[in-house]
Structure formats: C-alpha cells, structure tokens
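Structure first, commentary second.
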Amino acid sequence: MSELVEFDNFAQVEMLLRAGMELKFELSDDADVLNGSPVYASALNHLREGLISGLRSSSTPGRAQKQADWYRLSQHQHRWRIIAQRAALHPRWRYLTAVEMRHWVETLAAPLTVDDGTLEAIKAAVEKMLDGD
1 MSELVEFDNF AQVEMLLRAG MELKFELSDD ADVLNGSPVY ASALNHLREG
51 LISGLRSSST PGRAQKQADW YRLSQHQHRW RIIAQRAALH PRWRYLTAVE
101 MRHWVETLAA PLTVDDGTLE AIKAAVEKML DGD
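At position 68 of the sequence shown the residue is numbered 68 (full-length UniProt numbering), and the sequence of numbers has no breaks.
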C-alpha cells in the first residue's frame, strides 16, 4: 500500500528528515524502540528517497547528488560508534546471516545509506565491543 503525502517545498522535507535524525541519534538512548524500528527506518528512507527524487526532477537537479552524498553513512563517521553500540544490543548479533546483519545496520542507520565498506567497519566495531576491547 502506498500513501501520498504532499509538502509545500523541499525545505519541509529536509527539515522533517533532519528532525528524524536528531530524534534518532541525539535525543534517544540505545534502548529507544525507534532506533531498531523497521517502520521508522522505512519512513525515514522514503522521505530521503522522495527528497532526492524530487530534486532530480526539479530545476535544481545538482542538489539531488549533494543530498544523496550527504545521506551516506560514510560521510558521518561520528555516527558509527552509536550505530555499532546499538547493533551490539541485538541478542543474536553473532548468529545473524550477512543479509540479516546488513538489514539490522541499515535499520539503525536510517535515513543514512550504508555502503559495503562502512558496513564492514560497523561490524568490526561491534565485534570489538562484544569481545570487550
């Protein structure tokens, strides 16, 4: 099912995305239910994709790539530790398949996108935490 939501301008979407990130990364603790919520992650990801898609079809398509780049987790290394800490809270972390690990990290990182290199860095940080280093 798909629902249509309209905004007056791109600034509103950007503001809502930034507020979602603020709530997720700055105002909530590791146990907050929103951090691991696939529904919340999906909503943030849809907002991000809607913003980028809208910018691509607007009179300022150059902003689309700038936004796409900004929403890459690799551009936010200061967020890696908190995402790794939250990933380590998964009760079955060491038993997850590679696909399940990726999905969990992407859920925790949303609306930021996770490339392979960043995923490996997060996984290594989680293992280090679980080993007590």
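The C-beta atom is built at its ideal place from N, Cα and C for all residues, glycine as well.
First and last residue of the alpha helix (DSSP H) that includes residue i?
i	result
TYR40	38-56
LEU23	Unbroken run through LEU23: none, as it is neither H nor E.
VAL105	98-109
TRP93	From DSSP, TRP93 is part of no alpha helix (DSSP H); its letter is neither H nor E.
THR118	116-130
GLN85	80-88
ARG63	62-70
Please return the same chain residues whose Cβ sits closer than 7 Å to the Cβ of residue i, not counting the five positions on each side in sequence.
i	result
ASN35	LYS24, SER28, ARG86 and LEU108
GLU38	Residue identity check: residue 38 is Pro in the sequence provided, not Glu. For PRO38, where only same-chain residues beyond five positions count, the Cβ hits under 7 Å are THR107.
GLU14	LEU51
GLN67	LEU51, ILE52 and LEU55
ILE122	TRP80, ILE83, ALA84, ALA87 and VAL105
Please classify residue i: is it buried, with 16 or more other beta-carbons within 10 angstroms of its beta-carbon, or exposed?
i	result
ARG48	buried
TYR71	buried
LEU4	exposed
THR118	buried
ALA11	exposed
GLN65	exposed
residue 141	The question about residue 141 has no answer here: the residues shown for the chain are numbered 1 through 133.
LEU112	buried
ASN45	buried
Under 6 Å Cβ to Cβ from residue i, same chain only, skipping five residues before and after it: list those, please.
i	result
TYR40	LEU34
ASP32	none
Enumerate in chain order the residues of its own chain whose CB-to-CB distance from residue i is below 8 Å, with the five nearest sequence positions on each side excluded.
i	result
ASP115	ARG72, LEU73 and SER74
Touching or not, the stretch 83-102 and the stretch 60-68, by the rule of three or more beta carbon pairs under 8 Å? With contact defined as three or more Cβ pairs closer than 8 Å, the stretch 83-102 and the stretch 60-68 are not in contact.
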